[in-house]
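Peer 1: Have a look at the structure that comes next, please.
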Amino acid sequence: MADINQSTSEGHWKHLPPYEGPSDEQFGLLKWRGKCFCGKITYLLKREKPLIAKYCHCRVCQVTHGAPLQWAAIFHKDDIAFPNGVSGLRFYSSTHNRPDHVLPTKVSCANCRTPIMDEGRNMCLIFPQLIELAGSSLEQREKTEAFKPTCHIFYQSRTLDLPDGLPKWSGMENASDRMDDHGHRIGVEQ
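Here the sequence shown is numbered in UniProt numbering, starting from 1 and rising by one per residue.
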């Protein structure tokens, strides 16, 4: 616990990706730009596709997003840059129930409270709904294909059935039981 408190109080994390990223030349070609509802927080992505994208039905995601599920796309911290650093960001550690930057932490806009991402030790889970998309509705839909989820996790906590053909897991992907669209465990006698 001392390491967590020490890193929080020293604030050295403010000088690491994604908050203080490399220069524009080092960051590379910009692929996506995301922003909160009020526009005070923007972030940049240099990776065209996330490492993976999922729908999460866990209770923490349901409550913190006020929604039946969370759509998350996972990126390395080095793939993300906040041009304004930590200015305007608010942090909350649901694990420690504290409004501090203690990993894992939830990051939101301090002004409009839009959830921006969940930050872990090496990765960040961004929310594709915040990506700026230009063009017609059809063009926007085509662009979101880059963030298409590959599975559902914590499906046993779902609030509605989603018969979308994606694999469903009772907990974490590949570390829990598979489920069908209606929440029945696959291969388990009912």
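Where a beta carbon is used, it is the ideal one built from N, C-alpha and C, also for glycine.
Treat the numbers as computed from the prediction; the structure is a model and nothing was measured.
For residue 28 and residue 77, I'd like the C-alpha separation in whole angstroms.
Peer 2: Here residue 28 is taken as the residue at index 28 of the sequence shown, counted from 1. Here residue 77 is taken as the residue at index 77 of the sequence shown, counted from 1. C-alpha separation (whole angstroms): 14 Å.
Peer 1: Please report the distance separating the alpha-carbon of residue 172 from that of residue 152.
Peer 2: For this step, residue 172 is matched to residue 172 along the sequence shown. For this step, residue 152 is matched to residue 152 along the sequence shown. Taking the straight line from one Cα to the other gives about 9 Å.
Peer 1: Since residue 185 sits in a beta bridge, which residues does DSSP pair it with?
Peer 2: Position 185 of the sequence shown, counted from the first residue, corresponds to residue 185. For residue 185, which the question treats as bridged, DSSP gives the partners 179.
Peer 1: I'd like to confirm the pairing. Which residues does DSSP put opposite residue 83 in its beta bridges?
Peer 2: Here residue 83 is taken as the residue at index 83 of the sequence shown, counted from 1. Bridge partners of residue 83 according to DSSP: none are assigned.
Peer 1: Residue ranges of each alpha helix (DSSP H) run of no fewer than 4 residues wholly in the stretch 12-46, ordered along the chain?
Peer 2: 24-27
Peer 1: So is residue 107 in contact with chain D if we call contact Cβ pairs under 8 Å?
Peer 2: Here chain D cannot be found, since the structure has a single protein chain.
Peer 1: Which residue's Cα is closest to the Cα of residue 83: 33, 154 and 180?
Peer 2: As a first step, residue 83 is located in the sequence shown; it is residue number 83 there, counting from the start. Closest by alpha carbon: 33.
Peer 1: Let me know if residue 154 comes out buried or exposed under the rule of 16 or more other beta-carbons within 10 Å of its beta-carbon.
Peer 2: Position 154 of the sequence shown, counting from 1, holds the residue named residue 154. Residue 154 is buried by the Cβ-count criterion.
Peer 1: Taking C-beta to C-beta, are residue 146 and residue 48 nearer than 8 Å?
Peer 2: As a first step, residue 146 is located in the sequence shown; it is residue number 146 there, counting from the start. As a first step, residue 48 is located in the sequence shown; it is residue number 48 there, counting from the start. Yes, they are a contact pair.
Peer 1: What does a CB cutoff of less than 7 Å around residue 160 pick up in its chain, not counting 5 residues either side in sequence?
Peer 2: The residue you call residue 160 lines up with position 160 of the sequence shown. Cβ neighbours of residue 160 beyond the five flanking positions: 68.
Peer 1: Leaving out five residues before and five after residue 30 in sequence, what residues of the same chain have Cβ atoms less than 6 Å from its Cβ?
Peer 2: In the sequence shown, residue 30 corresponds to position 30, counting from 1. Apart from sequence neighbours up to five positions away, the residues of its chain that approach residue 30 with a beta-carbon distance below 6 Å are 44, ordered along the chain.
Peer 1: I'd like to confirm the pairing. Which residues does DSSP put opposite residue 75 in its beta bridges?
Peer 2: For this step, residue 75 is matched to residue 75 along the sequence shown. Looking at the DSSP assignment, residue 75 forms a beta bridge with 124.
Peer 1: Across which residues does DSSP place residue 116 in a beta bridge pair?
Peer 2: By 1-based counting over the sequence shown, the position of residue 116 is 116. Note: residue 116 sits in no beta bridge, so no partner.
Peer 1: Note down, in chain order, each residue of its chain lying with its Cβ closer than 8 Å to the Cβ of residue 129, except the 5 sequence neighbours on either side.
Peer 2: The count along the sequence shown starts at 1 and reaches residue 129 at position 129. So the list reads 71, once near-sequence residues are dropped.
Peer 1: What are the partner residues of residue 91, as DSSP defines its beta bridges?
Peer 2: As a first step, residue 91 is located in the sequence shown; it is residue number 91 there, counting from the start. Answer is 107, bridged to residue 91.
Peer 1: Taking the Cβ atom as the reference point for each residue, do residue 55 and residue 149 lie within a distance shorter than 8 Å?
Peer 2: Counted from its first residue, the sequence shown places residue 55 at position 55. Counted from its first residue, the sequence shown places residue 149 at position 149. Contact flag set, yes.
Peer 1: Is the distance from the Cβ of residue 126 to the Cβ of residue 75 below 8 Å?
Peer 2: Position 126 of the sequence shown, counted from the first residue, corresponds to residue 126. Position 75 of the sequence shown, counted from the first residue, corresponds to residue 75. In this structure, residue 75 lies closer than 8 Å to residue 126 by Cβ.
Peer 1: Suppose you measure from the CA of residue 40 to the CA of residue 14; what does that come to, to the nearest Å?
Peer 2: For the purposes of this step, residue 40 is taken as the residue at position 40 of the sequence shown. For the purposes of this step, residue 14 is taken as the residue at position 14 of the sequence shown. Spanning the two alpha carbons is a distance of roughly 18 Å.
Peer 1: Figure out for me which residue from 50, 104 and 42 has the closest Cα to the Cα of residue 89.
Peer 2: Here residue 89 corresponds to residue number 89 of the sequence shown, with the count starting at 1. Residue 89 has its Cα closest to that of 42, out of 50, 104 and 42.
Peer 1: Do you know how far the Cα of residue 57 is from the Cα of residue 182?
Peer 2: The sequence position of residue 182 within the sequence shown is 182, counting from 1. The sequence position of residue 57 within the sequence shown is 57, counting from 1. Rounded to whole angstroms, residue 182 to residue 57 spans 14 Å at the Cα level.
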